[in-house]
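Student:
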Amino acid sequence: RYVWAPALRCFGILQVSPFRDVWVLHGSGVGGGSLGYANVLMEPSDALFEAPAWRHVADWKTVLAPHFATARRMLGVAPNPRLWPADHVLLDIARELGTANTFSPTPVGTFFGEPGREGEEVADPYFGGAGPARSGCTHCGACMVGCRHNAKNTLPKNYLYFAEQHGAEVRAECAVRDIRPLPAGQPDGARYEIVYRSATAIVPRRPAVARARNVIVAAGALGTLRLLFRCRDVTRSLRAISPRLGHAVRTNSESILGSVSRPRTVDYSKGVAITSIINADAVTTVEPVRYPAGSSLMRFLSGPLTDGHTFVGRALRSLAQVVTRPADFLRTHVVPGWAERATVLLVMQTVDNRMKLKLGRSWLTGFRRGLVSEPDAQSEASGSPELGRAVVRSFAQKTNGVLTGSINEG
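Heads up, the sequence shown is in the numbering used here, so the first residue is 4 and it goes up one at a time.
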């Protein structure tokens, strides 16, 4: 129920899209990525606003300031009010790194309500009573698997809610297949025809059509690229789309590392999904991430944390660890209670790593036409910076944990 895989009749909120260079975890459903993201809503640093790739275009900090203010209001950004065991360990590590002054609770899009009234429903707290009723966060850790307590400020609680209140119609479980320009002078004023079909039907149904004067494509990075590539190169309905489509695709240079505690004395599943953050150095941040008790699916995207520059080398080292430390492998992949013992350490860097996405075929697409990645001539996506690995090793040492890394990067 968590994963989006229609061919397997799974209609959850999480899609996993593997590429040669990165694995992308992204949202699916009415509300998109807001349904399953970790709630953290941080504003870019001055260094990011001044990055060479775009600083010549505009004074982005000034241009975007009012829009960030609107987003903060609409998404109900508030500081996380409670720290948990993983946060205190991370603060200890920051002290050892000499960066304790960078430790802070995360700004999150969550309704916390009043202390002592967690889980209690109250009238709309954000929009003068015009929005939906909400309930205070219970700190159960389920932000990324779908908030069960009406506390997470997902788009159906704000933007989409008001869009529907003002007459918009949301058509769920639909996949757009084409955007066709119409001849001028249509009686209804339409300029485009949008062709779509069911995204969940077992047997393909006849496509449906909607007409619109204006079309905004907001399907996330991957969904938008898939649709625009299809319109330009397959149906050829939008041939004028730039040849630069898919170039200079950036990630947040993210590595998903972790530690699974051997003892069961501490419950690491409590709190919002991400509760604090540190700057390990000028370009590296680390955040502790959690899943709720009973949600252990993500353990299967992890393996032993190993060193090595090639996939084969890392795979052999991982196999050696499984053979020589079978008890640790059982703890991380078999024994129940993974979420209560696991802390994911999310390592991100503000470095300008880029790649290119295009239509192609590979074993990752089942040799059907789909999005594939290739390195950028000037910069290649990379992960697992050494400082991040040092932080997770320190975390595991302090909590008597088993080190884990993503299976695609060791």
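Yeah, the Cβ is synthetic: ideal placement off N, Cα and C, and Gly gets one too.
Restricting to runs no shorter than 3 residues, where is the beta strand (DSSP E) found entirely within the segment 20 to 75?
Tutor: Qualifying beta strand (DSSP E) stretches, in chain order: 26 to 30.
Student: Label Arg-98 either buried or exposed according to how many other C-beta atoms from any shown protein chain fall within 10 Å of its C-beta, with 16 as the threshold for buried.
Tutor: Classification for Arg-98: exposed.
Student: What separation, rounded to the nearest whole angstrom, lies between the Cα atoms of Gly-274 and Gly-139?
Tutor: Near 13 Å, if we compare the C-alpha coordinates of Gly-139 and Gly-274.
Student: Restricting to runs no shorter than 4 residues, where is the alpha helix (DSSP H) found entirely within the segment 333 to 408?
Tutor: Within the segment 333 to 408, the complete alpha helix (DSSP H) runs of at least 4 residues are 341 to 344, 389 to 402.
Student: Under the DSSP definition of a beta bridge, which residues are partnered with Phe-14?
Tutor: Partner(s): Trp-7.
Student: Which residue wins for smallest C-alpha separation from Asp-95, given the options Ser-409, Ser-397, Asn-411, Ile-410?
Tutor: Asp-95 has its Cα closest to that of Ser-397, out of Ser-409, Ser-397, Asn-411, Ile-410.
Student: Measuring straight from C-alpha to C-alpha, what distance separates Val-395 and Ile-281?
Tutor: Answer to the nearest angstrom: the Cα atoms are 13 Å apart.
Student: Rounded to a whole number of angstroms, what is the C-alpha to C-alpha distance between Tyr-129 and Ala-211?
Tutor: Whole-angstrom Cα-Cα distance: 37 Å.
Student: So, with DSSP's three-state summary, where would you put Tyr-195?
Tutor: In the structure shown, Tyr-195 sits in a strand (DSSP, three-state: E or B).
Student: In terms of residue numbering, what span does the alpha helix (DSSP H) encompassing Pro-88 cover?
Tutor: First-last of the alpha helix (DSSP H) with Pro-88: 88 to 100.
Student: Secondary structure at Ala-251, three-state DSSP: helix, strand or coil?
Tutor: DSSP places Ala-251 in coil when its eight states are reduced to three.
Student: Which residue spans inside the segment 136 to 168 form an unbroken alpha helix (DSSP H) run of at least 4?
Tutor: The qualifying runs are 162 to 168.
Student: Less than 6 Å between C-beta atoms, sequence neighbours within five positions excluded: which residues of the same chain meet that for Asn-161?
Tutor: The residues are Met-77.
Student: Quick one: what's got a C-beta closer than 8 Å to Gln-189's C-beta in the same chain, skipping five residues either side?
Tutor: Here the set comprises Arg-214.
Student: Rounded to the nearest angstrom, what separates Ser-48 and Thr-105 at their Cα positions?
Tutor: If I take the Cα positions, the gap works out to 13 Å.
Student: Any contact of the segment 215 to 234 with the segment 245 to 263, i.e. 3+ C-beta pairs under 8 Å?
Tutor: Yes, they touch.
Student: I want to know whether the segment 150 to 159 touches the segment 25 to 38 - three or more CB-CB distances under 8 Å.
Tutor: Yes, since at least three Cβ pairs between the segment 150 to 159 and the segment 25 to 38 fall closer than 8 Å, the two stretches touch.
Student: What span of residues does the beta strand (DSSP E) with Gly-306 cover, start to end?
Tutor: Segment 305 to 307, the beta strand (DSSP E) holding Gly-306.
Student: Looking only at C-alpha atoms, which of Thr-109, Trp-87, Gly-404 sits nearest to Ser-272?
Tutor: The residue with the shortest Cα to Cα distance from Ser-272 is Trp-87.
Student: Is the beta carbon of Pro-388 closer than 7 Å to that of Thr-288?
Tutor: Contact: no.
Student: Relative to the C-alpha of Leu-362, which residue among Arg-229, Arg-137, Ala-136, Val-263 is closest?
Tutor: It is Arg-229 whose Cα lies nearest to the Cα of Leu-362.
Student: Nearest CA to the CA of Tyr-421: which residue from Pro-207, Asn-217, Ala-178, Arg-208?
Tutor: Residue 421 falls outside the range modelled here, since the chain spans only 4 to 413, and no answer is possible.
Student: If you follow the beta strand (DSSP E) that Val-289 is part of, which residue opens it and which one closes it?
Tutor: Taken as a continuous stretch (DSSP letters only), the beta strand (DSSP E) holding Val-289 covers 287 to 292.
Student: Under 8 Å Cβ to Cβ from Arg-242, same chain only, skipping five residues before and after it: list those, please.
Tutor: Only Arg-235 meet the Cβ criterion.
Student: Return helix, strand or coil for Ser-299, following the three-state DSSP convention.
Tutor: Reduced to three states, the DSSP call for Ser-299 is coil.
Student: Considering Arg-85, what are the terminal residues of the alpha helix (DSSP H) in which it resides?
Tutor: Where Arg-85 is concerned, there is no enclosing alpha helix (DSSP H), given that its DSSP letter is neither H nor E.
Student: Hey, quick one: how far does the beta strand (DSSP E) through Val-212 stretch, first residue to last?
Tutor: That run of the beta strand (DSSP E) goes 211 to 215.
Student: Provide the residue span of the beta strand (DSSP E) that contains Arg-183, from first to last.
Tutor: Per DSSP, Arg-183 belongs to the beta strand (DSSP E) from 177 to 184.
Student: I think Ser-321 touches Thr-309, with their Cβ atoms under 8 Å apart; what is that distance to the nearest whole Å?
Tutor: The pair is a contact, with the Cβ atoms about 5 Å apart (cut-off 8 Å).
Student: Pop quiz: Val-347 and Val-292 are said to be a contact at Cβ under 8 Å. What is the actual Cβ separation, rounded to whole angstroms?
Tutor: Their Cβ separation, rounded to whole angstroms, is 4 Å, which keeps Val-347 and Val-292 in contact under 8 Å.
Student: If we ignore side chains and look at the alpha-carbon of each, how far apart do Arg-328 and Val-405 end up?
Tutor: Rounded to the nearest angstrom, the two C-alpha atoms are 10 Å apart.
Student: Anyone know if the C-beta pair for Val-179 and Tyr-199 falls short of 7 Å?
Tutor: The answer is yes: Cβ separation under 7 Å.
Student: Note down the Cα distance separating Ala-276 from Leu-100, rounded to an integer number of angstroms.
Tutor: Going by the C-alpha atoms only, they are around 24 Å apart.
Student: Is it buried or exposed for Phe-303, if we count other Cβ within 10 angstroms and need 16 for buried?
Tutor: With fewer than 16 Cβ atoms within 10 Å of its Cβ, Phe-303 is classed as exposed.
Student: Hey, out of Cys-150, Ala-133, His-142, whose CA is closest to Leu-167's CA?
Tutor: It is Glu, not Leu, that sits at residue 167 in the sequence shown. Measuring from the Cα of Glu-167, the nearest candidate turns out to be Ala-133.
Student: Given a cut-off of 7 Å, decide if Trp-7 and Gly-15 are closer than it, judged by their beta-carbon atoms.
Tutor: Yes.
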